[in-house]
Ligand SMILES: Nc1ncnc2c1ncn2[C@@H]1O[C@H](COP(=O)(O)OP(=O)(O)OP(=O)(O)O)[C@@H](O)[C@H]1O
Ligand code: SF4
Ligand SMILES: [Mg+2]
């Protein structure tokens, strides 16, 4: 039901490229950092798409481009059938009720000068919803994210990280959006709290029929919640497909490496214990990405073709994979 | 966590005050000065311009600091003078805030061309020594108390704008501002409701420091004959007269000088006290 | 480095342009035009019209502005109507010279006091020397210069009549008298400035000393405290150059009151006299020159600083 193929996507992005202009001290001209390049993705109502990748690969940038906190330099973003690629601040305002975001850092995303009551009142106030309606909804929101009613009087700094993240989630849900970007909503939290928040998010999804873009740098978390998974490397999507396809028969060497780092999944799924692949080297400098395949500097399958040509994202079994030599590790391995 | 919630912010601040003698001293002095200014008419034994005795009387039980060159009670005039000083200090700082803060917020928030224009303009205005610019303005507008207030206030506008702009610039990148944008807040809303509340404490601290400077500048301008005009009881003008009377009655100069010194000192200390008290992240043991 | 110098120069010119424009705006656009200000309220309409024509006030405002900027660019500061058509520059620059003399001597004295005092205060942090130094700096910080000046005047000219109560005689005429007239104003300004510089020096030294202390303590165990005083001195002294420069620039304008107290015919004194005699053609140039001095001093300071610490030019 969740993956009903006939349903129209609520979010559709095509060949999105997003860049930052950075002025390095001393330099005369600004340099351009391409943080997201040629990304295509769609999300259906009620669906959760997981987005994984190392720190700095462009996940947050993509998330922010999707809800148009950033403007893409190329490509198209459409939301609920409407092309919003170049909507300005003003044009976006009504749409903000439908799409919300929960930020990565629960310590920075709440105004330190506001009490929780004011923080939760903001969405209503901004969209001109009467105080009467708001004051009826705010306690409901609070119980939805399982915070005690007396939280309203307190300031953000009086809460723990997990509690703050709940406040942020409550704020994001206030206007009853149909799509939510969750930017690493649990990575700043303890494992025990992580589970609570993940359960909460799943309950909310069944209750409210939300679509999620769930960002994480940790595949195991994504595996728990996603219907589909997209793996990102240095600004590009390298593999995308149904969760089970990506987890059970990963095709891209990078996905394979990421999965091999989670021992409990391979063990639990009764597969042969895979050799743990440790990626050597760091993420290349995004200001100066490698030619051809971006992963080639750390890939054990690569050859001259990978240096010369960028592999396109193409169907391989159930997934889309951007690799010249796709395949599971045992079959695809070369020297 | 729960105990932190029990203590309201106000009680926390109160505890900090009571525990620190310097804070206690500063705040009582400020209160004393403000009360003196407000109730000057009740506190002063004589009127500000009332001739009560022969000129040049030395201190007596009746005239605590003696009388000035036209026979007015020096002590009474000093008390009335607090009203002039604090009034000018407050009014001119208010001008600086009312214009400087919005300029700074807009400049920092929008950045780009708005910011560049603003910053180059303030560069230019800050190149004038403050008192010279104030003198020039008073000279052109005419010497009276209202123009003194305007001149002192205008001179401080770029300083406020600079400070606020710097803070706004770093704050606007905060995620809670982005969160506001994600909620669909307008630019005005973000500047007014999201940025500004986070600037109140530095604005307040700067207010007290500017206040001190304004009191100082008013006294200087009056001393130069460009501020409050006689017979208004300005400490600066009293200092001017007192300087010429040093050999007959040094208490006029000493009294006016000390009044200026103490007021400036107290409001400068108030800046430190507020910085300490308003820090929301400070945790007390 | 050359690029840095060029950039700073360009910035200085830009600031000067804004400064000149601001002066133009203040003196032209505010109520009561320069002609009325010069003549006062009781002038006859004919005189007023004649003066307006003479000052070019009947021209459109942009023509006036271009003429103003053009004259400044050529270094032509005009003639003062109120001063019998004397060249304004012949009034302003000698006054500036006398102000610079006062400012330079005061800064020099302040540095001579502040550098060792700040160093000792930092090295002997927490001892009685430090405490005395800090009381001195705190008082100096909130003591208005003119209150200090009048205090000195009462003390040294009235109570103990050791020094003349002000006035000015050129050095060439009577060197001894000239110097004795300098003492009080210089002492006044120097002591207030020294308070600022001492505080600055102390903080700069302490920053390095405490960092050094931690590092050495980690490396050698807590027994030995070997501190590189020379290194600490350099660290504090280089930024002090900036601080000195900023103070010097401010002094040039800020000494108005001191010059008035001690009847020292510097730039500030000239300004007051000109305001009182409605010589606005002199006032506007005096304002401009005091700002220009500040800009030039700052420029020199920045260049010196970047020469002492080349990292700054690169960042
Ligand atoms: N505001 C910005 N200005 C300039 N560069 C930026 C900015 N934000 C991000 N970047 C750069 O863009 C790239 C992608 O950053 P992004 O925050 O999207 O990564 P991420 O995948 O979310 O990482 P993380 O897991 O650490 O949150 C990085 O190289 C980062 O340095
Ligand atoms: S394209 Fe080549 S380098 Fe890139 S992942 Fe595939 S095999 Fe490795
Ligand atoms: Mg991120």
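Residue numbers (this note's numbering), protein chains in the order written: chain A, 1 to 335; chain B, 1 to 285; chain C, 1 to 315. We put the CB at the ideal spot given by N, CA and C, even for glycine. Every value quoted in this text rests on a predicted model; they were computed, and no experiment measured them.
Segment limits, beta strand (DSSP E) that includes residue 79 of chain A: Annotation for residue 79 of chain A: the continuous beta strand (DSSP E) segment containing it runs 74 to 79.
Judging by CA-CA distance, which residue of A:30, A:11 and A:306 is the nearest neighbour of residue 325 of chain A? Closest by alpha carbon: A:306.
Please classify residue 80 of chain C: does DSSP put it in a helix, a strand, or coil? Correct three-state label for residue 80 of chain C: strand.
As an exercise, report each continuous beta strand (DSSP E) stretch of at least 3 residues that is fully enclosed by the region 19 to 65 of chain A, in chain order. You should have 31 to 43 and 48 to 52.
Do you know offhand how far residue 162 of chain C's Cα is from residue 150 of chain C's? Cα to Cα, the separation comes out at about 15 Å.
If residue 159 of chain A sits next to residue 167 of chain A, beta carbons under 8 Å apart, how far is it from one beta carbon to the other, in whole angstroms? Right, their Cβ atoms sit about 7 Å apart.
Expected contact under 8 Å - CB spacing of residue 214 of chain B and residue 239 of chain B to nearest Å: Taking the Cβ atoms as the reference, residue 214 of chain B lies roughly 17 Å from residue 239 of chain B, outside the contact range of under 8 Å.
N- and C-terminal bounds of the alpha helix (DSSP H) containing residue 290 of chain C: Counting along the chain, residue 290 of chain C sits inside the alpha helix (DSSP H) bounded by residues 280 to 308.
How is residue 28 of chain C classed by DSSP in three states: helix, strand or coil? The answer is helix: DSSP assigns residue 28 of chain C an H, G or I state.
Can you confirm whether residue 92 of chain B, when its beta carbon is compared against all beta carbons of chain C, has any partner nearer than 9 Å? At a cut-off of 9 Å between C-beta atoms, residue 92 of chain B does not count as an interface residue with respect to chain C.
Specify which residues have a beta carbon nearer than 5 Å to any heavy atom of ligand 2, listing them in chain order. Every residue with a CB closer than 5 Å to a heavy atom of ligand 2 is listed here in chain order: A:253, A:293, A:295, A:296, A:299, A:301, A:302, A:306, A:311, A:323, A:324 and A:325.
Pick out whichever of A:175, A:227, A:163 and A:237 has its Cα sitting closest to the Cα of residue 310 of chain A. With distances taken between Cα atoms, residue 310 of chain A lies closest to A:237.
Among A:53, A:135, A:84 and A:187, which has the Cα closest to the Cα of residue 106 of chain A? Minimum Cα distance to residue 106 of chain A is reached at A:187.
Mapping DSSP to helix, strand and coil, what is residue 244 of chain A? In the three-state DSSP reduction, residue 244 of chain A falls in the helix class (H, G or I).
Assigned exposure category for residue 185 of chain A - 16 Cβ within 10 Å defines buried: The residue in question, residue 185 of chain A, is buried, as its Cβ has 16 or more Cβ neighbours within 10 Å.
When burial is assigned at 16 or more other CB atoms within 10 Å of the CB, is residue 295 of chain A buried or exposed? That one is buried.
Given this structure, state the Cα-to-Cα distance separating residue 97 of chain C from residue 266 of chain C, to the nearest angstrom. Using only the alpha carbons, I get a separation of about 7 Å.
For ligand 3, which residues have a Cβ under 7 Å from at least one heavy atom, in chain order? Neighbourhood of ligand 3, defined by CB distance below 7 Å to any of its heavy atoms: A:59, A:60, A:104, A:183, A:184 and A:215, in chain order.
Three-state secondary structure (DSSP) at residue 167 of chain B? If DSSP states are grouped into helix, strand and coil, residue 167 of chain B belongs with the helices.
Reducing DSSP to helix, strand and coil, say where residue 303 of chain A ends up. In the structure shown, the three-state DSSP call for residue 303 of chain A is coil.
Per the contact definition of three or more C-beta pairs closer than 8 Å, is the region 109 to 126 of chain A in contact with the region 146 to 158 of chain A? Contact holds: three or more Cβ-Cβ distances are below 8 Å.
Ligand 5 heavy atoms versus the CB of residue 217 of chain A: any closer than 8 Å? With respect to small molecules bound, the structure shown includes ligand 1, ligand 2 and ligand 3 and not ligand 5.
Mind checking if residue 135 of chain B is an interface residue toward chain C, Cβ cutoff 9 Å exclusive? Interface residue, yes.
Which parts of the region 97 to 139 of chain C are runs of the alpha helix (DSSP H), unbroken and 4 residues or longer, counting only runs that do not cross its ends? Correct list: empty.
Pull up the distance between the alpha-carbon of residue 99 of chain B and that of residue 157 of chain B, whole angstroms please. When rounded, the distance between both Cα atoms is 6 Å.
Against chain B: residues of the region 281 to 300 of chain C by CB proximity under 7 Å: Listed by position along the chain: 283, 287, 290, 291, 294 and 295.
Closer than 9 Å, CB to CB, is residue 131 of chain C near chain B or not? Judged by the 9 Å Cβ criterion, residue 131 of chain C is not in contact with chain B.
Could you name the residues of chain B that residue 105 of chain A contacts, counting a contact when the two beta carbons are closer than 7 Å? In chain order: 175.
When you compare only the Cα positions, how much space is there between residue 406 of chain A and residue 242 of chain A? Limits of chain A in this structure are 1 at one end and 335 at the other, which puts residue 406 of chain A out of reach.
Rank A:218, A:173 and A:161 by C-alpha distance to the C-alpha of residue 196 of chain A and give the top, closest one. With distances taken between Cα atoms, residue 196 of chain A lies closest to A:161.
In the structure shown, what three-state DSSP assignment does residue 225 of chain C receive? For residue 225 of chain C, the predicted structure reports a pLDDT of 49, less than 50, and the residue's modelled location is therefore unreliable. A value from the coordinates is still provided. In the structure shown, residue 225 of chain C sits in coil (DSSP, three-state: anything other than H, G, I, E or B).
9 Å is my cut-off, CB to CB: does residue 165 of chain B come that close to chain C? Answer no: the Cβ-Cβ gap between residue 165 of chain B and chain C never drops below 9 Å.
Can we count residue 190 of chain B as close to ligand 1, meaning its CB is less than 8 Å from some heavy atom? Not so, every heavy atom of ligand 1 lies at least 8 Å from the Cβ.
Quick check on residue 69 of chain B: does DSSP put it in helix, strand or coil? Residue 69 of chain B falls in the coil class under three-state DSSP.
Could you tell me whether the region 75 to 95 of chain B touches the region 105 to 118 of chain B, where touching means 3 or more Cβ pairs closer than 8 Å? With the cut-off at 8 Å, the region 75 to 95 of chain B and the region 105 to 118 of chain B do not touch.
Does the region 49 to 66 of chain B come close enough to the region 251 to 258 of chain B to have 3 or more Cβ pairs within less than 8 Å? The answer is yes - the region 251 to 258 of chain B touches the region 49 to 66 of chain B, with three or more Cβ pairs under 8 Å.
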